[in-house]
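S.K.: Numbering (full-length UniProt numbering), first residue to last: 1 to 628.
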């Protein structure tokens, strides 16, 4: 049989649809603007499938010539994964053509035909520096395997077609041996049927567990939903093994595959007639239970899964305990089509997992919140570019100098044309979760220290600016060096800079925290412990770390007048801080009684609406000049 020219093989629409779903899923799960399947040709490379995600600059069928340093060309040539966190900082990649499209981060895997000729790549790209974790790379590897499996299906079909063509030629040549040929033809037909059945199975079922895949589940579910009686419902449970990645990492994928097979067998054992189990991807499964509208039957479906997951798995003489997270959506209450029902159960599972719940039910309010989060994140991604972020300054006064302004806290504000004024409580956690806080944090440092340098040059007395540091930014590898570079850039004495840290920073890695704090102290930056009294182990941190300043959380100050317990705690905190040679700042001072109390207790500094709200730099400068 002649060699198959893989360059001429056509990928059918059904497979392209599957790949579209794959790149959409990769983009969604990794929160990348672009996920692609690329196909290489003799002289160029083509965008074969492109995620339908926002800010994806790659159009389907777009081509680029080979030979000028493309990411994917290197992946294919070297036959291995390529992971470029930031091309701008990498001399090997800082001239890559994709930089013109804004894509500076890349992670890709090669994709090959069964005859080992290259098809192309599957990859994910981002417009910001990013270190893809093992979860993201494992997800990409899984889909690489899935695509190569589909390519094998296409390849085998072509083999079968060529084989059939050659068979027909032989029939014409050997008309004299009809009897023998008839027997051979029958055998070949059986083989072809078996091959087609094999291909059909792989298109609709999971090869490992023999369960229906997501596409088959959606089709079957649509039929079930269309035939529901008035007194029936479908409880759809989307569940995922919580610590399964650890199993694969520790014992290998073959070990993990045995567990997945055992789990599917447990759940399918004596499964009711109208209940269907499907494997979605990895350790994610769906149980669709059609039953009468009674809570007891719904609980039975949940218990079947939790019992199957929590019973120990025995593989090669080893016993493994696993746990799962469940998301539940009900038809027709939560959705009237199969794809929406699956998506909403998956959404419920993800939200529940984030909140530490084993079982979570879909509700429209949660979905609306998730959609609002995506909307907020979309606007936030462009906030710096559109000059929507601004640093304001709130005065810090000295109680022993008659309320003299001796410093300011730099506070970030976001004003969006569509959203209006967005509270930091809404967008800061979002920026921390998606990694944008690094870029935003350095923006704040630049703006705050640049302004501090101006005040230092014009003010007759020393003036200090306090800046909040996110735990994510604190963990950034070059944080200390970047900070020192910014201070040097604006020729600002380090003593004019105070960094405010929360206990969350210290919880992550105490050894790392001690090392960073030591470096900061070495070049003269002051350190304050922010929100003191709201964490779990503040006293232990005061013992381990030598802070310059302690900031009493506003929750203590708010209730001073009406809460004796708060007064005693505040009094004790101030006394303790002074014993440890620390300065004390009281946050959230809004009333004269509060000021009188903390002054009596010899608190050093105060901050709050009583002395002024956070305002832009020019307004703050006017306050400084009007209050000598």
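Glycine included, every Cβ here is placed at the ideal spot set by N, Cα and C. Everything numeric in this text was worked out from a predicted model, so none of it was measured.
For the ligand COA, is there a heavy atom less than 7 Å away from the beta-carbon of residue 369?
M.R.: Ligands in the displayed structure: none, and consequently the ligand COA is not present.
S.K.: From the DSSP output, in three-state form, read off residue 578 for me.
M.R.: DSSP places residue 578 in helix when its eight states are reduced to three.
S.K.: Could you check if residue 213 is buried or exposed, using at least 16 other CB atoms within 10 Å of its CB as the buried criterion?
M.R.: By the 10 Å Cβ count, residue 213 comes out buried.
S.K.: Take residue 32 and list the residues in its own chain whose beta-carbon comes closer than 6 Å to its own, dropping the five residues that flank it on each side.
M.R.: Excluding sequence neighbours, residue 32 sits near 124 and 126.
S.K.: What are the start and end residues of each continuous alpha helix (DSSP H) run of 4 or more residues lying completely inside the UniProt domain "GGDEF" (232-365), in chain order?
M.R.: Those alpha helix (DSSP H) runs which fall completely within the UniProt domain "GGDEF" (232-365) and span 4+ residues are 244-251, 253-268, 295-310 and 338-354.
S.K.: From residue 140 to residue 30, what distance separates their C-alpha atoms?
M.R.: Each residue's alpha carbon lies about 10 Å from the other.
S.K.: Curious, which full-length alpha helix (DSSP H) runs of at least 4 residues does the stretch 474-562 contain?
M.R.: You should have 479-489, 503-508, 510-522, 538-544 and 554-558.
S.K.: Leaving out five residues on either side along the sequence, give the residues of the same chain with a beta carbon under 8 Å from the beta carbon of residue 459.
M.R.: Taken in chain order, the residues that qualify are 624.
S.K.: Can you list, in chain order, the residues of its chain with a C-beta nearer than 6 Å to that of residue 334? Leave out the 5 residues immediately preceding and following it.
M.R.: Excluding residues within five positions, the ones whose Cβ falls inside 6 Å are 344 and 362.
S.K.: Less than 8 Å between the C-beta atoms of residue 305 and residue 237, yes or no?
M.R.: Going by C-beta atoms, residue 305 is nearer than 8 Å to residue 237.
S.K.: State the DSSP-derived secondary structure class of residue 104, mapped to helix, strand or coil.
M.R.: It is coil, neither helix nor strand.
S.K.: By the three-class DSSP mapping on this structure, what secondary structure does residue 404 have?
M.R.: Here residue 404 sits in strand by DSSP.
S.K.: In the stretch 10-41, which residue ranges form an unbroken beta strand (DSSP E) of at least 3 residues, counting only runs that do not cross its ends?
M.R.: Taking only runs of at least 3 residues, the beta strand (DSSP E) segments lying wholly in the stretch 10-41 are 34-40.
S.K.: Starting from the C-beta of residue 346, find all residues in its chain whose C-beta is less than 7 Å away, skip the five residues before and the five after it, and write them out in chain order.
M.R.: 238 and 327.
S.K.: Would a C-beta distance cut-off of 8 Å place residue 486 and residue 517 closer than the cut-off?
M.R.: Their beta carbons are not under 8 Å apart, which means residue 486 does not touch residue 517 by this criterion.
S.K.: Is the stretch 469-484 close to the stretch 435-452, with three or more CB pairs under 8 Å?
M.R.: Flag = yes, the stretch 469-484 and the stretch 435-452 touch.
S.K.: Give me the Cβ distance between residue 551 and residue 505, rounded to the nearest whole Å; I'm assuming they're in contact under 8 Å.
M.R.: So it is not a contact: roughly 14 Å between Cβ atoms.
S.K.: Taking C-alpha atoms, which residue in 92, 104, 80 and 73 lies nearest to residue 86?
M.R.: Nearest C-alpha to residue 86: 104.
S.K.: Cα-Cα, which of 184, 217, 309 and 201 is closest to residue 242?
M.R.: Checking every option, the nearest Cα to that of residue 242 belongs to 309.
S.K.: Quick one: grab the DSSP three-state call for residue 123.
M.R.: Strand, per DSSP.
S.K.: Is residue 393 closer than 8 Å to residue 408 when the C-beta atoms are compared?
M.R.: Yes; because the gap between Cβ atoms is below 8 Å, this pair is in contact.
S.K.: Between which residues of its own chain and residue 616 is the CB-CB distance below 7 Å, once the five residues before and five after are set aside?
M.R.: Same-chain partners within the cutoff: 390 and 392.
S.K.: For residue 53, report the span of its beta strand (DSSP E) as first-last.
M.R.: First-last for residue 53: undefined, no H or E at that position.
S.K.: Could you check whether residue 95 and residue 69 sit closer than 8 Å to each other, using their CB atoms as the reference points?
M.R.: Yes; because the gap between Cβ atoms is below 8 Å, this pair is in contact.
S.K.: Please tell me whether residue 588 and residue 612 are closer than 8 Å, where the distance is taken between their beta carbons.
M.R.: No.
S.K.: Considering only DSSP beta bridges, list what residue 466 is partnered with.
M.R.: Paired residues: 409 and 498.
S.K.: Helix, strand or coil for residue 589? Go by DSSP, reduced to three states.
M.R.: Of the three classes helix, strand and coil, the one that applies to residue 589 here is coil, per DSSP.
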